[in-house]
Amino acid sequence: MAEEESGQRGRARVNAVHLKLGPLAGVVKEALLSSYEMACEGTGLQGSRLVIEEIPLVVYCPKCLAPRTIESVQWFACPECRSPVSEVIQGRELQVVALELEAVEIQG
Ligand SMILES: [Zn+2]
Numbered sequence: 104m105a106e107e108e109s110g111q112r113g114r115a116r117v118n119a120v121h122l123k124l125g126p127l128a129g130v131v132k133e134a135l136l137s138s139y140e141m142a143c144e145g146t147g148l149q150g151s152r153l154v155i156e157e158i159p160l161v162v163y164c165p166k167c168l169a170p171r172t173i174e175s176v177q178w179f180a181c182p183e184c185r186s187p188v189s190e191v192i193q194g195r196e197l198q199v200v201a202l203e204l205e206a207v208e209i210q211g
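First residue of the sequence shown? That's 104 in my numbering, and the numbers climb one at a time after it.
Below you can see the structure in the form of structure tokens.
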């Protein structure tokens, strides 16, 4: 996905890919980082860095009628009133949020 986007912006080299990762994305940060280099080999992303921003899990508490940030994915309850919650507002994300590009000079 990131490679496609950089291609659309003309000749530019990707320095870094910034990714948002939620606790419910089903992907472990370490696994992503370790597979990134291999996945980029031979593509326009070769040599770029993967910067992962881990975002917190936010749910909607039906009792407080407010969004709450959950510290642990194992403890799926409102941190204020201890009510069980099920509505996830944020936390499933696995998306590219930014690309750091470096323009490549074309000689000749
Ligand atoms: Zn609550």
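Every residue gets a Cβ at the ideal spot worked out from N, C-alpha and C, and that includes glycine.
Near ligand 1: residue i beta-carbon under 7 Å from a heavy atom
i, result
"S189", "no"
"C143", "no"
"E174", "no"
"K166", "yes"
"E208", "no"
"S138", "no"
Span of the beta strand (DSSP E), counted from its first residue to its last, around residue i
i, result
"I206", "Reading off the sequence, residue 206 comes out as Ala, not Ile. Residues L197 to A206."
"R171", "A169 to I173"
"E157", "R152 to E157"
"Q193", "E190 to Q193"
"V162", "L160 to C164"
C-beta contact flag for residue i and residue j at 8 Å
i, j, result
"I192", "V154", "no"
"A180", "S189", "no"
"E208", "N118", "no"
"L46", "E174", "Any answer about residue 46 is impossible in this case: the structure gives the chain only from 104 up to 211."
"A115", "A201", "no"
Neighbour-count burial assignment, residue i, 16 or more Cβ in a 10 Å radius
i, result
"L168", "exposed"
"G129", "exposed"
"S137", "exposed"
"R171", "buried"
"V219", "The displayed coordinates of the chain run from 104 to 211. Any statement about residue 219 would go beyond what the structure contains."
"V120", "buried"
"C184", "exposed"
"P126", "buried"
heavy atom of ligand 2 below 7 Å from residue i C-beta
i, result
"K132", "Ligands displayed in this structure: ligand 1; ligand 2 is not among them."
- Which runs of the beta strand (DSSP E) spanning at least 3 residues fall entirely within the stretch 114–145, listed in chain order? 115–124
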